[in-house]
Amino acid sequence: MSAAAIDTAREQGSFWPRLWAGIAIMLVWQITVRAFAPAYVATPIGIALAIPRIATDPTFLLSCGITLAAVAEGLVIALVVGTALGLLIGQSTLADRALRQYVNAGYTLPMIVVLPLVSLWFGYTGAARLATIVFAALFSIVLNVADGARAVPREYLEVAASFRSGRWRVLFDIVLPAAMPYFLAGLRLAAGRALIGAVVAEFFTAIPGLGYFILFNSRTFHHNEAFVAVLVLAAFGVGCDALINEATRRYLPWYRRDEVRD
Amino acid sequence: MSREGSLAARYAPPLLSFAAGLALWELVGRHTNAAFLVPFSETLVTLWQLARSGELLQQTLSSLAIFSTGLAAGLLVGAPIGLLLARVAVLRRAFDVYIMTAYATPLVALIPFILSLMGFGFAPKVLVVFLFAVFPILYNTVEGARSLKPELIEVARSFRSDEWALWRDVMVPYTLPYTMTGLRQAIGRALVGMIAAEFFLSSTGLGQLIMSASQNFDTAGVLAATLVIMALGLVLMWLGHALERRFARWRV
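Protein sequence lines correspond, in order, to chains V and A.
So for the first sequence, this note's numbering puts the first residue at 1; every next one is plus one.
So for the second sequence, this note's numbering puts the first residue at 1001; every next one is plus one.
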């Protein structure tokens, strides 16, 4: 899921196979559901018919706005805190040794586990969702930025030192730009995790948003309507991915994808 | 800042910071409302009680049954399809966009649909874990098999390998390390899927341990179960890394 994906997307002559495959998937889905599943189950035709209705539904638009705004806010917090922590860990061996265990534990812990604790601490509110999003996104950024800060070529630092560059100068002019591809890779991971965090937090706390929209509509057997919200989530996930890949490609054309952690 | 440092310089900071973390937890826990946080010592006592009653083992095994069935299904489906897509270019071009889309979609959003279609049993939970696990395996297998040098296939062909021999002696061994990278990524995601299924489908296993503790405002129980899940995650991740390293040896 990276530069290579975009390369495949641009591969010659893939339009027709792709179109046929899409049609085949839709046909199999439509026919299987019609033949074997109850009438309320989502079908491609049902979803297509639901789109115009849902796209103008104020509840739905509000849900989209709330969830996506929460994801954006959480990502910004995670970016600022995560970059600072990552630089610290990457630059100082002491900080690395003291803090890495916590970062690794936070990254490994399935973020969904924090839901009961977070809702205990923040109540069944938007703050609980925000905390879940930050928790979900933070550690992949810390780990990637730390890797990036450590990967700065030693010669660059030596040259900077022999020109008597200040500590902050080195940080902003050398370390940060060098860590950029790692930072973007971390951001791509974090965006996906943040989206999952938002949805599970809404499932758990039943606060308004896209996740709750899905939960409510599927419980009341409006599967077609609920699936429109899944499409929005998919579009957001794919969009984030494409945006970051494009940014990497345009602004950091020298970077190769196999250098960063996944 | 020497890279190696003495033994003390290497091991003192993590140990001290670990001890400081626990001390802070204990201190904050003693001076806040018990509904908010309980001290580390109390969490340990709860954990010990859970372990002694046998409930911990039973719930962990129940969770692991879901986890391993789903992960195995992900491997059994993801790896062969990945190889097939890499071998047959037209299939790959036809389906890659859809696979990428499914990979980037938060599949956790499908849980309510799975719930109303399949109900509360073992199978829907396995399906959730499978959905979380299959795409990283599939994706890494395709990317790995695609990087197979055409010369290797040409050599095999000039020695009159048939399609079966080509798969057995070239494709599968070459791609295995990549599949293992996918498996390592899948382990982390499958763990999220397992807990999500146990939270949102029906409470069983470690998910139930957390849920019932949280419904009884038993903060010590929630923290104890969270610690267990964290430990399980660390062990499984370590296993994933070990597997990946084991197979990385013959990566060319």
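No residue lacks a Cβ here, since even glycine has one placed at the ideal position from N, Cα and C.
- Excluding the 5 residues flanking it on each side, Leu1057/A has same chain C-beta neighbours closer than 8 Å at Ala1051, in chain order.
- Between Ser1017/A and Leu233/V the beta-carbon gap is near 38 Å, outside 8 Å, which marks them as no contact.
- Beyond the five residues adjoining it in sequence on each side, Leu1191/A comes within less than 6 Å, by CB distance, of Gly1233 in the same chain, given in chain order.
- Taking every protein chain shown into account, the CB of Leu79/V has 16 or more other CB atoms within 10 angstroms, so this residue is buried.
- About 36 Å separates the Cβ atoms of Val230/V and Ala1248/A, ruling out a contact at the 8 Å cut-off.
- In its chain, beyond the 5 residues on either side, Gly82, Leu85, Gly86 and Val103 have a beta carbon closer than 6 Å to the beta carbon of Val142/V.
- Look at Thr1175/A here: in three-state DSSP terms it is helix.
- Contact check for Leu210/V against Cys64/V passes: the beta carbons are separated by less than 9 Å.
- Of all residues in the stretch 1103 to 1129 of chain A, those with a C-beta nearer than 9 Å to a C-beta of chain V are Tyr1103, Ala1104, Thr1105, Pro1106, Leu1107, Val1108, Ala1109, Leu1110, Ile1111, Pro1112, Phe1113, Leu1115, Ser1116 and Leu1117, reading in chain order.
- Contact annotation: Ile207/V and Tyr124/V have beta-carbon atoms nearer than 9 Å.
- At a beta-carbon threshold of 9 Å, the residues of chain A lying near Tyr102/V are Ser1017, Phe1018 and Gly1021, ordered along the chain.
- Under the three-state reduction of DSSP output, Trp1048/A falls in the helix class.
- Look at Val1038/A here: in three-state DSSP terms it is coil, with no helix or strand label.
- Counting along the chain, Thr59/V sits inside the alpha helix (DSSP H) bounded by residues Pro58 to Gln91.
- Relative to Ile23/V, the option among Ala1225/A, Leu1015/A and Ala1094/A whose CA is nearest is Ala1094/A.
- Closer than 7 Å at the C-beta level to chain V, one finds these residues of the stretch 1138 to 1152 of chain A: Tyr1139 and Glu1143.
- Within chain A, the residues Ala1104 and Pro1106 have their CB atoms less than 8 Å from the CB of Gly192/V, given in chain order.
- Where Tyr251/V is concerned, the enclosing alpha helix (DSSP H) starts and stops at His223 to Tyr251.
- Between Gly237/V and Thr1105/A a beta carbon distance of about 5 Å is seen, short of the 8 Å cut, so the two are scored as contacting.
- Ranked by how close their Cα comes to the Cα of Pro1124/A, the residues Glu1055/A, Leu1209/A and Phe1067/A have Phe1067/A in first place.
- Straight across, the Cα-Cα distance linking Tyr156/V with Leu88/V is about 19 Å.
- Interface criterion met: the Cβ of Leu1191/A is under 9 Å from a Cβ in chain V.
- In chain order, Leu1206, Leu1209, Ile1210 and Ala1213 place their CB closer than 7 Å to the CB of Ala1225/A, counting only its own chain and leaving out the 5 sequence neighbours on each side.
- Among the CB atoms of chain A, none fall inside 9 Å of the CB of Ala39/V.
- A distance below 7 Å between beta-carbons, with the five flanking residues on each side excluded, links Trp29/V to the following residues of its chain, in chain order: Thr43 and Pro44.
- Between the stretch 190 to 199 of chain V and the stretch 153 to 170 of chain V, the count of Cβ pairs shorter than 8 Å is below three; the stretches do not touch.
- About 4 Å separates the beta carbon of Ala194/V from that of Ala137/V, a gap short enough to meet the 8 Å contact definition.
- Pairing Ala1186/A with Leu1071/A gives a Cβ-Cβ distance under 9 Å.
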